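Protein chains in written order, with the numbering used here: chain A, 39 to 387; chain D, 385 to 702. Heads up, the beta-carbon is just placed ideally off N, CA and C, and yes, glycines get one too. Owing to the predicted nature of the structure, the values given are computational and were not obtained by experimental measurement. These notes are about the structure you will find just below.
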């Protein structure tokens, strides 16, 4: 009985919070648009139709949702262990590089079935190792994971630029448009009229479910929570916080690397300098908005993907800069922090 | 050779000026015990407001003022949610980084790639004619002179004034300050805002002097992260942080030089290279600090610093 009332109370609490956050976030953005003499309704309609009006657009939106879901799942591990994995962008880039490296092997074209799977695995490992680098810097060197991660992001960016303009450049011209297209046989196939590879969708959903399961129902998940909440106390229970943190970084990096690999094989079919498209950073915002819990992540990622996909239309249809989607996303996260702050303040007084 | 060295040194002094403002602004903030992670976005947003205001008024000085106010506003949002509502300062700062960045691109897009006013070099009469030193130090725009002046000023303020002592003690032990009758939250808010104003000036220094103009990309993307790293690895000491900023400026100038020497290597590499190089130079310094007993590391040990005790923690006053 008591349990039930607590749950009901929690639910109303969540609903109130949801309406406060959306009201505050959207209200602020609408106010901004009104002062610029723009109509929020026209913009919302244009963004909605840009993301959802037909199956091609929906599937394009889902192709953004896929990496966002993967990155957010990976970040759940690191946040649970109390780590800020800002290096996620670099992990995505390195994953994409490793995948491309495997697919560029001369043997790749002849044994089609094996190599795409191998390439995905390479992306997973590459991202995982890059994540571990930041973890090792933290454990061994005492370098805060935020700054180690940032440094590694810049390094990854340097490597991808060097590859695209150096060893992997297109015959004759090297440009920001990336490497040569991969042979058609190595692409992740998608049915006619689809912009997203079903394999990528299935993989990211599986990764998310596995993450939720691992975090919620296993001893490992419990250990992560213990380290994140109080690493000193967890040591008393025989847990090694360094090792757990390193594993979390590896898992988070691996999922980001897989996302990078899927961008190569499923979306761009080549390596481009902006292969990560900022989806790693967007993942950080998604997990923050979801309150660092798994449950709300697919929906929030879907909302963010709709914004990102819908905003592509804005410059063409309404001559509005596409960065409006980022403004909405940022406003939502900030208002979530604000609402959460007020709620804790009220509870304490 | 003498001429080229002084020209290069002058270039370093000029390109480092905005970074000096940003990094010292963050030093001031963090010394008071607050992490303002929003630097990268705040610099861009204030670069935009600075440029647009200067263009509208036809003069650069209102632009600098607008940029300082923008940086201060961002800092107020951070201290409102971070200090007064007790949310994670890192989380708020990170969200602000992206909100500010996209807000800058969104609001600034009508002004993209349009001509606007910019700050020109004002040689100081007699001093600029001095051999060697003259062109390095005394042939710059006002904002560069201001960056020279800011370094000793901030150092003096922090370590030789009563207000500076209060600033440092709030960062180290807010409870103790509260007991002594100093309100820690209010003090932290004030210094976060002041630091924010300096960060805003850094933005205007880009869009009105060092990389004049507004566009997407503006050219100062990523600098905020470097400034944040400089503060941490510079041991929260204004002089060391400033030294780090000049080293980064040197790396950037070296990138331009090497680009001419090695035309085969794509120029994008040289534009990105200073960022990882800087971070890893700082990491190496940081790592070698742990081995203070080894004589070879004694010089590096001199550079070590410890973070303010209460950095990033919210003080709960009754």
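- If you ignore the 5 residues before and after residue 221 of chain A, its C-beta comes within less than 6 Å of the C-beta of 147, all in its own chain and listed in chain order.
- Bounds of the alpha helix (DSSP H) holding residue 288 of chain A are 279-300.
- Residues 397, 398, 401 of the same chain have their beta carbon placed closer than 7 Å to that of residue 528 of chain D, with the five preceding and five following residues left out of the count.
- Residue 378 of chain A carries a helical assignment under DSSP once its states are collapsed to helix, strand and coil.
- Where residue 193 of chain A is concerned, the enclosing alpha helix (DSSP H) starts and stops at 183-203.
- Straight-line spacing of the CA atoms in residue 176 of chain A and residue 495 of chain D works out to 42 Å.
- With a contact defined as Cβ atoms closer than 8 Å, residue 325 of chain A and residue 120 of chain A miss out at about 13 Å.
- Between residue 370 of chain A and residue 322 of chain A the beta-carbon gap is near 13 Å, outside 8 Å, which marks them as no contact.
- Residue 319 of chain A is positioned such that its CB atom lies no closer than 8 Å to that of residue 313 of chain A.
- Taking all protein chains shown into account, residue 53 of chain A has fewer than 16 neighbouring C-beta atoms within 10 Å of its C-beta and is therefore exposed.
- Per the C-alpha coordinates, the member of D/654, D/483, D/541 positioned closest to residue 427 of chain D is D/483.
- For the 8 Å CB-CB criterion, residue 159 of chain A and residue 301 of chain A do not form a contact.
- Boundaries of the alpha helix (DSSP H) around residue 462 of chain D: 444-463.
- Neighbours of residue 489 of chain D across chain A, judged by C-beta separation under 8 Å: 359, 361, 364.
- Among the residues facing chain A, residue 493 of chain D is included, as its CB has a counterpart in that chain under 8 Å away.
- Taking one beta carbon from each stretch, the stretch 528-543 of chain D and the stretch 616-633 of chain D have 3 or more pairs nearer than 8 Å; the two touch.
- Between residue 59 of chain A and residue 342 of chain A, the alpha-carbon positions lie close to 15 Å from each other.
- Sequence-distant Cβ neighbours of residue 249 of chain A in its own chain, meaning closer than 6 Å and more than five residues away, are 111, 114.
- By the Cβ rule, the stretch 456-471 of chain D does not count as touching the stretch 546-562 of chain D, because fewer than three pairs are nearer than 8 Å.
- In the three-state reduction of the DSSP assignment, residue 98 of chain A falls in the helix class.
- Scanning A/358, A/154, A/197, A/189 for the CA closest to the CA of residue 303 of chain A turns up A/154.
- Between the beta-carbon of residue 104 of chain A and that of residue 238 of chain A there is about 5 Å, and that keeps the pair under the 8 Å contact cut.
- For residue 620 of chain D, no alpha helix (DSSP H) run applies, since DSSP gives it neither H nor E.
- Per the DSSP secondary-structure output, residue 523 of chain D pairs in a beta bridge with D/507.
- By the Cβ rule, the stretch 586-594 of chain D counts as touching the stretch 434-449 of chain D, because three or more pairs are nearer than 8 Å.
- Annotated three-state conformation of residue 424 of chain D is helix, per DSSP.
- Contact between residue 406 of chain D and residue 429 of chain D is ruled out by a C-beta separation of about 13 Å, above the 8 Å threshold.
- If you check each beta-carbon in the stretch 555-584 of chain D against every beta-carbon of chain A, none falls closer than 8 Å.
- Sorting A/288, A/65, A/356, A/184 by C-alpha distance to the C-alpha of residue 164 of chain A places A/288 at the top.
- Contact note: residue 520 of chain D does not reach chain A at a C-beta cutoff of 9 Å; the least C-beta distance is about 29 Å.
- Rounded to whole angstroms, residue 577 of chain D and residue 203 of chain A show a C-alpha spacing of 43 Å.
- Here residue 102 of chain A is near residue 347 of chain A, since their CB atoms are less than 8 Å apart.
- At least one CB of chain D lies nearer than 8 Å to the CB of residue 383 of chain A.
- Contact note: residue 660 of chain D reaches chain A through 189, 192, 193, 196, using a C-beta cutoff of 7 Å and chain order.
- Secondary structure of residue 471 of chain D (DSSP, three-state): coil.
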